[in-house]
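Q: For reference, the structure I am asking about is given below.
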Amino acid sequence: MNNKAGSLFASYDFFYAWRKTDGNELKEVDGIDSLYAMVKGLFNKERLVDIIRNFIFFPDTAKEDIKIVCRYPQYYAARKLFYSIKDNMRPNGNGKGGTYFGATGCGKSFTMLYLTRLLMKSTYFSSPTIVLITDRTDLDDQLSGQFTNAKKFIGDDTVISVESREELRKCLQDRNSGGVFLTTIQKFTEDLKLLTDRANVICISDEAHRSQVNLEQKIKLTANGVTKTYGFAKYLHDSLPNATYVGFTGTPIDATLDVFGKVVDAYTMKESVEDNITV
7 MNNKAGSLFA SYDFFYAWRK TDGNELKEVD GIDSLYAMVK GLFNKERLVD
57 IIRNFIFFPD TAKEDIKIVC RYPQYYAARK LFYSIKDNMR PNGNGKGGTY
107 FGATGCGKSF TMLYLTRLLM KSTYFSSPTI VLITDRTDLD DQLSGQFTNA
157 KKFIGDDTVI SVESREELRK CLQDRNSGGV FLTTIQKFTE DLKLLTDRAN
207 VICISDEAHR SQVNLEQKIK LTANGVTKTY GFAKYLHDSL PNATYVGFTG
257 TPIDATLDVF GKVVDAYTMK ESVEDNITV
């Protein structure tokens, strides 16, 4: 039994099965069960309306007609992270919006994009400020290209790749809500100036396990005596003390969970291979 869903403009290679009914199953289903999963999952009335409204992406500009429909792991992850952020957002929560574990190449950047739209369009959050953080310039360039070409989808004209910490400070201090800002963790160094103390700031970190979990002080004995240093993550949290933090990672470690909170959803390498996403 073969059943797949995709967009009108896409080739069949970009049609994918919908293997989970509500996103809480411990394993994917195949065969006739996958047909039932699609009917009960994708074509659930409320979910289908939600997908049509929030999970079909048309880039602002493109050389040809492009229509991108979410796959089931992207839908369930974005929705679960949305509710986790809602439950844990400061000032009433602990600021740990949750960790998403996604296999390499599974489309995490689109999950971030769908999550950003949900947050920006939600009346509950009243147009929060989103800060997207990576640890490599190539990842930053990739996300920046995708997000700056999705202003209509996100629902905010201010989608900016910031070049410096000072630029980010000015962007944040000049507004009380809204805006999507993309930057790298390396811009958070020993500059102790506050960027903003607003609580309606949500930081979404890509590859969170690599450079954004080092909150503890490190002590080194050198020829000049004892030196005390912190990692980039400490300066990030000091700069945005009331923000809520969300981590995307392909390698969940205890330190990641300590900073971002529990694993809200996961899409494993095995699942990605079975779905023909990763080869």
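Residue 277 in the working numbering sits at position 271 of the sequence shown; the count goes up by one each step and never skips. Virtual Cβ for every residue (Gly too), placed ideally from N, Cα, C.
#1: Starting from Lys-157, trace the alpha helix (DSSP H) both ways and give me its first and last residue.
#2: Helix, strand or coil, according to DSSP, for Gly-12 in the structure here?
#3: Could you tell me whether the stretch 240-250 touches the stretch 93-108, where touching means 3 or more Cβ pairs closer than 8 Å?
#4: Out of Phe-61, Ile-57, Thr-189, Ser-183, which one is the CA nearest neighbour of Asp-162?
#5: Determine the DSSP secondary structure at Phe-194, reduced to helix, strand or coil.
#6: Within the continuous alpha helix (DSSP H) that includes Tyr-106, where are the two ends?
#7: Which runs of the alpha helix (DSSP H) at least 4 residues long sit entirely within the stretch 19-86? Give them in chain order.
#8: Find out if the Cβ-Cβ distance for the pair Phe-159, Pro-65 is shorter than 9 Å.
#9: Compare the C-alpha of Asp-264 against each of Thr-274, Val-252, Tyr-273, Gly-256 and name the closest.
#10: Under the three-state reduction of DSSP, which class applies to Phe-153: helix, strand or coil?
#11: What residue does the alpha helix (DSSP H) around Leu-246 start on, and which one ends it?
#12: Taking the alpha carbon of Ser-128 as the reference point, which residue from Asp-56, Leu-41, Asp-260, Asp-36 has its own alpha carbon closest?
#13: Can you give me the start and stop residues for the beta strand (DSSP E) that Cys-209 sits inside?
#14: Spatial neighbours of Ala-272 within its chain, please: CB distance less than 7 Å, with the 5 preceding and 5 following residues excluded, ordered by chain position.
#15: Helix, strand or coil: which one does DSSP assign to Leu-138?
#16: If you count every other CB in all the chains shown that lies within 10 Å of the CB of Glu-169, and 16 or more means buried, which is it?
#17: Is there contact here, the stretch 122-139 with the stretch 34-41, by at least three beta-carbon pairs under 8 Å?
#18: Looking at the secondary structure, which residues open and close the alpha helix (DSSP H) in which Val-265 lies?
A: Straight from the coordinates:
#1: Unbroken alpha helix (DSSP H) run through Lys-157: 157-160.
#2: Coil at Gly-12, not helix or strand.
#3: Counting Cβ pairs under 8 Å, three or more are found: they touch.
#4: Asp-162 has its Cα closest to that of Ser-183, out of Phe-61, Ile-57, Thr-189, Ser-183.
#5: Under the three-state reduction of DSSP output, Phe-194 falls in the coil class, being neither helix nor strand.
#6: For Tyr-106, no alpha helix (DSSP H) encloses it; the enclosing beta strand (DSSP E) starts and ends at 102-108.
#7: Segments of the alpha helix (DSSP H) lying fully in the stretch 19-86: 37-47, 51-60.
#8: Yes, the Cβ-Cβ distance between Phe-159 and Pro-65 is below 9 Å.
#9: Among Thr-274, Val-252, Tyr-273, Gly-256, the Cα nearest to that of Asp-264 is on Val-252.
#10: Helix at Phe-153.
#11: Element bounds for Leu-246: n/a, residue is neither H nor E.
#12: With distances taken between Cα atoms, Ser-128 lies closest to Asp-56.
#13: Taken as a continuous stretch (DSSP letters only), the beta strand (DSSP E) holding Cys-209 covers 207-211.
#14: So the list reads Phe-107, once near-sequence residues are dropped.
#15: Under the three-state reduction of DSSP, Leu-138 is assigned to strand.
#16: Residue environment analysis places Glu-169 among the exposed positions, since fewer than 16 neighbouring C-beta atoms fall within 10 angstroms of its C-beta.
#17: Contact annotation: the stretch 122-139 does not touch the stretch 34-41, with fewer than three C-beta pairs closer than 8 Å.
#18: Here the alpha helix (DSSP H) through Val-265 covers 260-266.
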